[in-house]
Amino acid sequence: MYNHKPKYYSGNQINNNNDTFEDNYDGNNENYHDGNDNYDETWKVFRYLVRVHKWDAFVYLFLLLCNSVEINTLMRDIMEMKSNINQLYRRGGTCEEKYSKTIQIIDDYRESRVVNNEDKRAELIVSIRQQLELHNIPQDCSLDLVCLFDKMVDIQRNMLLNDFISRVYGFSKFTEHLNEERNKKDQTRVDECSQLNMDQKKNKEPSIIEMNVSKATMNEGEMVIQKLKQENEALRQEASKYQAELGGIRNVGWRDNDSNNSMQLVKDIEKLQWDLLNFTTVKRDHIQIKTDSANELFKAYQCETTINSPNMKLVLGAALQQYLIDLILKFTDEYFNKVFNDIRGSASQITDEMLDAAIYFRTNDLIELIKRFTETNAGIDVHTQLLPIKLRQHIYAMLGQRSFVKSNHPLIFDLLSETLSYMTRIIIFKEKNEKIQLEAASIIRKVLHIFYFRLYTQEPIPSIHFFKSGEVYDPGVMEIMGRVERDDEDVEELEVEICSFPAVVTLIEEEERRVFTKAQVIVRPKMII
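Mapping of the sequence shown onto full-length UniProt numbering: position 363 corresponds to residue 363, and the numbering continues sequentially without gaps.
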C-alpha cells in the first residue's frame, strides 16, 4: 500500500526553540535533511526539469524514467507518447528527421525491454543521456536523475510519466493553434490581395479599351500569326489534357491528401490499435475478471498463460482484442449472407438499412461481369483493363466512409449487443454502461470500415493475418507488445503466445511483400523439446 506522505509542520513545530527554517537550511548542502530518516528527496527532479524547453527532451526524460518501471506496465504509456509525437509531426510541429529519430529510439528501447536485451538497453540509455546533454542536462545531472527515479514509489513515477506525455501533447496542441492562427492570417492576406486586384482591374479598364483599339489596327499578317499561335497553344493544351486523363486512368493510387492513401490508411489502423488496447485493458481498477471464463479464452487460443500467471492481465487483454476482431468480421459475414436473398430484387424494393449490403454485393457482381467481359471480348484499351480496379477502389472508398454510420442500424445494434455480452462473460465493468457502449460502437465501425472495405481501396489488395500461438516470432511482420517469461527456460528464440492485432500485408507467403502494419504479439521463450 502506498503510504509515502509529504511531511507537514505546525506553526509551533517550525519555531521550536526559536529556530526558523532559514536558520537550519543550508542551500549548498545536498545532503541536508531535517533529521527524519524518511525524508523524501525525489522533489529534486524538478530542479532539472526547469532546464528543459523542447519537446524531444521530454521524450528522452520519459525513456529515462521508463528504465525504472516494469515493462508490462509501460506499453500503454509508450503507445500514447508515440501517438502524441505522430500528432505533433502531422501538424508540422517538428521536422521529419527529428520525428523519425525519436520514434526509432522509442521502438528500439521498447524492443530491448520486451526481449530482455540488457546490452542494447544499456547502450540506448547512454545514447539518451547524451541527447539530454544537448538540452542542458549534463551527464552528472542525468545520473542524478536516474538515482532519483529509482527512489520514487510507483504512484510518483506514474504521475511523472503522465506529465512527460502531457508535455508532448501540449506541444502538439500549441502547434495546432499556431496553424489555425497562421491560416487565418493567410486568408486575410488572400482577401486583401483579391480586393487589391479588383481595384487594379477597375483602374485598368480605360487602358484595356485603348489596347483593344490598337489591336484592331494590327496588319493582316500579324493577325494571321497571332491566330496560328493561339490555335497551336489550344492544340497543345488539348493534347496535355488527354495525356493527363490517360495518366489518371492508368494510375491506381491515391493522392497524398486522400483518406484512402496508404499512409493515411496506416495511421487509421494504428488509431484502431490504440482504441482496442484501451477498450480491452483489464489492469484498471474499475474492472473485475471472471477467472473461469478467462481460462476458457486462454485455452481457446492455446495460450500457456493461466489465471494465476504473473502476466495474466497482459495476455487476457490481447486475447480479447483478437476475439473482438474475429467476432465483428464473422458476425458481419453472417449478416451479409442472411440478407443476400432480400436484396436480389429491384433497387426500389431494397430498404435503406440494406443499402450497404446491396451495394457491396452488386459491386462484386459487376466486377466479376466486367472481368468476364474483358476475357471474352478482345481489345487493347486501357479503360477496360483498369475498370474493375477503379470501380472496386472508389465504391469501397465510399463504403469505407459512409456504411453503417447510423446508430440504429441493425448490424451495429446486434454487433454491439453481441460484443458487450461476450465482454461481460469475461470481465465486469464498474464504469457507466453508456461510456462502454460508445467505445464499443466506435471500435465496431472502425473494424468494419477498415477491414471490410478500406483495405479493398488498395492495389494490390492487402490481407490480414493473425499468427497462432506457438508460431516462431518474425520481426519482419510482428511487433512485440509484451513478453511472457518461463522460469525454467533461458533461451533466445521466441515464439508467439498470443496475437492481439493482425498483420496487414500483401503477398505474405512470398519473399517480396509490403507490410502496411505489423501484427502485434506477446511472445514467450520457445520451448526446447
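Glycine included, C-beta positions come from ideal geometry on N, C-alpha and C.
Item: Endpoints, alpha helix (DSSP H) assigned at Met75; Value: 75-90
Item: Best match in Glu368, Leu369, Val405 for proximity to Glu353 [C-alpha to C-alpha]; Value: Val405
Item: Cβ-Cβ separation, Lys290 to Arg425 (assumed contact under 8 Å), whole Å; Value: 7 Å
Item: Closest residue to Thr42 among Met159, Ile428, Lys82 (Cα-Cα distance); Value: Met159
Item: Sequence-distant residues of the same chain with beta carbon closer than 6 Å to Ile350, five excluded per side; Value: Ile343, Ala358
Item: Whether Val59 touches Thr94 by CB criterion (8 Å); Value: no
Item: Where Asp356 falls, given that 16 or more other Cβ within 10 Å makes a residue buried; Value: buried
Item: Asn433 versus Gly379 - alpha carbon distance; Value: 60 Å
Item: Cβ-Cβ separation, Phe361 to Phe340 (assumed contact under 8 Å), whole Å; Value: 7 Å
Item: Assigned exposure category for Ser442 - 16 Cβ within 10 Å defines buried; Value: exposed
Item: Separation of Arg167 from Arg110, as counted between CA atoms; Value: 20 Å
Item: Burial state of Val50 (16 or more Cβ within 10 Å); Value: exposed
Item: Residues near Leu88 in its chain [Cβ-Cβ closer than 7 Å; skip 5 each side]; Value: Trp55, Thr94, Val168, Phe171, Ser172, Thr175
Item: Where Lys435 falls, given that 16 or more other Cβ within 10 Å makes a residue buried; Value: exposed
Item: Spatial neighbours of Ala397 in its chain, beta-carbon cut-off 6 Å, leaving aside the 5 residues before and after; Value: Asn260, Thr457
Item: DSSP-derived helix/strand/coil call for Arg483; Value: strand
Item: Sequence-distant residues of the same chain with beta carbon closer than 6 Å to Gln302, five excluded per side; Value: Ser469
Item: Test item: CB-CB of Lys44 and Leu148 under 8 Å; Value: yes
Item: Span separating the alpha-carbon of Ser366 from that of Val504; Value: It should be pointed out that residue 366 corresponds to Leu in this sequence rather than to Ser. The alpha-carbon atoms of Leu366 and Val504 are separated by roughly 26 Å.
Item: Nearest candidate by alpha-carbon position, reference Thr506, set Glu192, Thr374, Pro462; Value: Pro462
Item: First and last residue of the uninterrupted alpha helix (DSSP H) at Glu471; Value: Element bounds for Glu471: n/a, residue is neither H nor E.
Item: In DSSP terms, what Ser463 is bridged to; Value: Val505
Item: Contacts around Glu181, its chain only, beta-carbon distance under 7 Å, and the 5 residues preceding and following it disregarded; Value: none
Item: With 16 other Cβ atoms within 10 Å as the buried cut-off, status of Pro310; Value: exposed
Item: Three-state secondary structure assigned by DSSP to Arg250; Value: Residue placement at Arg250 cannot be trusted, given a pLDDT of 49 that sits under 50; what the coordinates show is reported in the next sentence. Arg250 falls in the helix class under three-state DSSP.
Item: Under 8 Å between C-beta atoms of Val69 and Leu61; Value: no
Item: Ranges of the alpha helix (DSSP H) found wholly within the region 362-438, counting only runs of at least 4; Value: 382-402, 410-426
Item: Proximity winner among Lys338, Leu277, Ile427, Asn86, relative to Cys499 (alpha-carbon distances); Value: Leu277
Item: Cβ-based burial, Thr517 [other Cβ within 10 Å; buried from 16]; Value: buried
Item: Length of the line joining the Cα atoms of Val477 and Gln520; Value: 9 Å
Item: C-beta contact flag for Ile444 and Ile287 at 8 Å; Value: no
Item: Proximity below 8 Å, CB of Val447 to CB of Ile307; Value: no
Item: Where the beta strand (DSSP E) containing Arg514 begins and where it ends; Value: 514-517
Item: Contacting residues, own chain, Cβ-Cβ under 6 Å from Ala319 (five flanking each side not counted); Value: Leu297, Tyr301, Ile498
Item: Whole-angstrom distance between Asn86 and residue 533, CA atom to CA atom; Value: Outside the modelled stretch of the chain, which goes from 1 to 529, sits residue 533, for which no answer is possible.
Item: Nearest-angstrom Cβ-Cβ length linking Ile395 and Thr363, presumed shorter than 8 Å; Value: 5 Å
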